[in-house]
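Asks:
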Amino acid sequence: MPRPRPATAFRTAFRTASRTAFRAATAVLVLAALAPAHTATAATADNTAAPVPRLHWDGPCAQGFECATAAVPTDYRDPRGTPLDLALIRHRATDPAHRIGSLFFNPGGPGIPGTAALPAVYGLFPEQVRRRFDIVSFDPRGTGASTTLHCFPDPAAEQALLDGLPAGFPTAADQQSAWTRAYTGLARHCADNDTTGLLAHLSTADTARDLDVLRQAVGDRRLTYWGTSYGTLLGAVYANLFPDRVRAMVLDSALDPRAWSTGRTPRQRALPPFLRTGSDLASARTLDAFLERCAAAGPAACAFAAGDADATRARFAALLERLRRGPLAPGTPAREVTYAFAVSTVASMLYTAAPLPGVPDSGWAALGAWLQQLWTAPDAPPAPTPAPAPAPGALSGQAQTLGTLCADTVNPPAGADYPALAALAETRSGAVGPYWVWQTQRCASWPSRAARDRYDGPWDRRTAAPVLVVANTGDPAWPYEGSRAMADTLAGARLLTVDGYGHTVLGNPSACAAGAQERYLVEGRLPAPGTVCAPDRQPFAPPGA
123 MPRPRPATAF RTAFRTASRT AFRAATAVLV LAALAPAHTA TAATADNTAA PVPRLHWDGP
183 CAQGFECATA AVPTDYRDPR GTPLDLALIR HRATDPAHRI GSLFFNPGGP GIPGTAALPA
243 VYGLFPEQVR RRFDIVSFDP RGTGASTTLH CFPDPAAEQA LLDGLPAGFP TAADQQSAWT
303 RAYTGLARHC ADNDTTGLLA HLSTADTARD LDVLRQAVGD RRLTYWGTSY GTLLGAVYAN
363 LFPDRVRAMV LDSALDPRAW STGRTPRQRA LPPFLRTGSD LASARTLDAF LERCAAAGPA
423 ACAFAAGDAD ATRARFAALL ERLRRGPLAP GTPAREVTYA FAVSTVASML YTAAPLPGVP
483 DSGWAALGAW LQQLWTAPDA PPAPTPAPAP APGALSGQAQ TLGTLCADTV NPPAGADYPA
543 LAALAETRSG AVGPYWVWQT QRCASWPSRA ARDRYDGPWD RRTAAPVLVV ANTGDPAWPY
603 EGSRAMADTL AGARLLTVDG YGHTVLGNPS ACAAGAQERY LVEGRLPAPG TVCAPDRQPF
663 APPGA
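Our numbering puts the first residue of the sequence shown at 123, with every later residue one more than the last.
Right under this line is the structure:
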């Protein structure tokens, strides 16, 4: 399968930013590049003095799994100071007589709770991995059922601040101003209500130290780890903080750690993080591949197909133009779909190329069906449907994500011209570009103390065992180039390529890749350099094809 590349016609259709906006964005980049560099401090904390918790696997849990709670230090500079709680989950090895140890899994996000993710994806792990390892996950500090950052007295107060913001990202000038004000307010609330000091200790480096304490708690001498998406950064940080404690590590769909955290050059440093990593370009490439594959599959397999690839691209461009003029009202009962919501949904639905068993509306065929539903929807918006009130005690997804996201990255400051940066992104990557810019604009006003524990490198400390990086060539979130950079940056790492589409190989299965991962995790054998696998199923292919 050739690696996807955007067609010239597709790029041209969405390059709507003016030359003035491009020049303004460039000026922002030059000015921001003059900002002083952050110096890493995470390596100064001492992990050896942290008490090792005793785990009692008797908490309420999903069927077939066991749950526990572990107390770890809030601040590893004060390892016997105020603790916080981590929620854990595990599935025992199905062949206990031949059990090797524990494999820790992090699903990424940041902010995805492992206690929810592991039951959902457990069946996707290779059989020998499930047989030979207890598979363990946890809610990273600040997320899920672990100790979280309390920015508001209740969910309703947060909803009152963020209510009315556009779904996805802001487009019009008034929306952009409201977005900026709201997230400036969120940052202020989090800073003002941080009575425990947790805000300064939510970085991935802090979570890596938690992971090392949990490794000791389950009795493993060295860590066996599987991280997907943002979980690859956790693996890379752990590997460089504790290189002698790595037994085996699979990093599935990796980011470029230098580009993400600080940027590789002063000019790159001035860009928002997702532009530094090329996530916008990855989305654009994969979207174009989707439209091309959709056209080739025809309307029987992809409802949005409009003839050949150029005609299908033209239909998508026309759909976006309709959405720019106003929202559509698909479905029964009709629900309002705006331009930004549609673009954001498309970007996320590219993650799974083929349907996953038990996961409704997954796969590119489902994306084609949804786009066709929009195509045939009336232009007139329905009567506004009020958002459901948050449940009492509901967890704050915004603060849980931003606590780590903003701690780990250098971002253009609040005074930067984010509308110009969004225009720059649209110029280079089309409709999906601004979506990626506005995700980390939420960090522009985040309290500076959050970066106290950030790990900025070095990234090339030699580990006790080599790391295996796995990636799809057509990843729509972290581009394949990021996984290649991760493999090149980590000392002695090996890259396993899957010539397919979708975000994470775990979520887009390949029996070839699964076999290589089994042999590596169980026996310590790396695949041969340059190994390329195929996915089990191509987009739009019928089951069994």
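By construction, the Cβ of each residue, glycine as well, lies at the ideal position given by its N, Cα and C atoms.
Is the stretch 367 to 380 in contact with the stretch 349 to 357, if contact means three or more CB pairs nearer than 8 Å?
Replies: Enough Cβ pairs lie closer than 8 Å, so yes.
Asks: Taking the runs of the beta strand (DSSP E) that are 3 residues or longer, which of them lie wholly in the stretch 244 to 331?
Replies: As far as the stretch 244 to 331 is concerned, its whole beta strand (DSSP E) runs of at least 3 residues are 255 to 260.
Asks: Does the stretch 289 to 308 come within contact of the stretch 454 to 463, defined as at least 3 CB pairs closer than 8 Å?
Replies: With a cut-off of 8 Å, the stretch 454 to 463 and the stretch 289 to 308 count as touching, because enough Cβ pairs lie within range.
Asks: Alpha carbon to alpha carbon, what distance is there between F227 and P248?
Replies: Counting from 1 along the sequence shown, the entry for residue 248 is found at position 126. Counting from 1 along the sequence shown, the entry for residue 227 is found at position 105. Taking the straight line joining both Cα atoms gives about 13 Å.
Asks: Give a yes or no on whether the C-beta atoms belonging to T474 and N630 are separated by under 8 Å.
Replies: As a position in the sequence shown, residue 474 is number 352, starting the count at 1. As a position in the sequence shown, residue 630 is number 508, starting the count at 1. Cβ atoms of T474 and N630: closer than 8 Å.
Asks: Are the CB atoms of R263 and D332 within a distance shorter than 8 Å?
Replies: Residue 332 sits at position 210 when you count from the first residue of the sequence shown. Residue 263 sits at position 141 when you count from the first residue of the sequence shown. Yes, the pair counts as a contact, with Cβ atoms nearer than the cut-off.
Asks: Helix, strand or coil for V194 per DSSP?
Replies: The residue labelled residue 194 in the question sits at position 72 within the sequence shown. It is a strand residue.
Asks: Got a sec, what are the start and stop residues for the alpha helix (DSSP H) W382 sits in?
Replies: Within the sequence shown, residue 382 is the residue found at index 260, counting from 1. First-last of the alpha helix (DSSP H) with W382: P379 to S383.
Asks: Look at W558 and S401 and say whether their C-beta atoms are less than 8 Å apart.
Replies: Looking up residue 558 in the sequence shown gives position 436. Looking up residue 401 in the sequence shown gives position 279. Yes, they are a contact pair.
Asks: Please list the terminal residues of the continuous alpha helix (DSSP H) segment that includes G555.
Replies: Stepping through the sequence shown from its first residue, residue 555 is reached at position 433. Its alpha helix (DSSP H) spans residues G555 to Q563.
Asks: Pull up the CB-CB distance for Y305 and S567, whole angstroms please, since I reckon it's below 8 Å.
Replies: Taking the sequence shown and counting its residues from 1, the one referred to as residue 305 is at position 183. Taking the sequence shown and counting its residues from 1, the one referred to as residue 567 is at position 445. About 6 Å; that satisfies the 8 Å criterion.
Asks: Which same chain residues end up closer than 8 Å to L393 when comparing Cβ atoms and leaving out the 5 residues on each side of it in sequence?
Replies: Reading the sequence shown from its first residue, position 271 is the one you call residue 393. The answer, listed in chain order, is L151, G385, P534 and L543.
Asks: Looking at the strands, I want to know which residues DSSP matches up with E188.
Replies: Here the question's residue 188 lines up with position 66 in the sequence shown. DSSP output for E188 lists R212 as bridge partner(s).
Asks: So, for L445: in the same chain, excluding its five sequence neighbours on each side, which residues have a beta-carbon less than 6 Å away from its beta-carbon?
Replies: Residue numbering aside, residue 445 sits at position 323 when the sequence shown is read from its first letter. Once the five neighbours on either side are set aside, the close Cβ partners of L445 are Y461 and A464.
Asks: Per DSSP, which residues does C655 bridge with? Please list them.
Replies: Here residue 655 refers to the residue found at position 533 of the sequence shown. V620, per the DSSP bridge assignment.
Asks: With distance defined between alpha-carbon atoms, name the residue in P379, R389 and S268 nearest to T329.
Replies: For the purposes of this step, residue 329 is taken as the residue at position 207 of the sequence shown. Among P379, R389 and S268, the Cα nearest to that of T329 is on S268.
Asks: Do L617 and V591 have their C-beta atoms within less than 8 Å of each other?
Replies: By one-based count along the sequence shown, residue 617 stands at place 495. By one-based count along the sequence shown, residue 591 stands at place 469. Yes, the pair counts as a contact, with Cβ atoms nearer than the cut-off.
Asks: Are the CB atoms of T346 and L225 within a distance shorter than 8 Å?
Replies: By one-based count along the sequence shown, residue 225 stands at place 103. By one-based count along the sequence shown, residue 346 stands at place 224. Closer than 8 Å, so yes.
Asks: Roughly how many angstroms separate the alpha carbons of R564 and H220, rounded to a whole number?
Replies: Indexing the sequence shown from 1 puts residue 564 at position 442. Indexing the sequence shown from 1 puts residue 220 at position 98. Approximately 47 Å between the Cα atoms of the pair.
Asks: Alpha carbon to alpha carbon, how far is Q520 from Q561? Give it in angstroms, no decimals.
Replies: Taking the sequence shown and counting its residues from 1, one reaches residue 561 at position 439. Taking the sequence shown and counting its residues from 1, one reaches residue 520 at position 398. Cα to Cα, Q561 sits roughly 11 Å from Q520.
Asks: Measure the Cβ-Cβ separation of Y623 and A411 and say whether it is below 8 Å.
Replies: By 1-based counting over the sequence shown, the position of residue 623 is 501. By 1-based counting over the sequence shown, the position of residue 411 is 289. Yes, the Cβ-Cβ distance between Y623 and A411 is below 8 Å.
Asks: Would A361 and L612 be called neighbours here (beta carbons separated by less than 8 Å)?
Replies: As a position in the sequence shown, residue 361 is number 239, starting the count at 1. As a position in the sequence shown, residue 612 is number 490, starting the count at 1. Yes; because the gap between Cβ atoms is below 8 Å, this pair is in contact.
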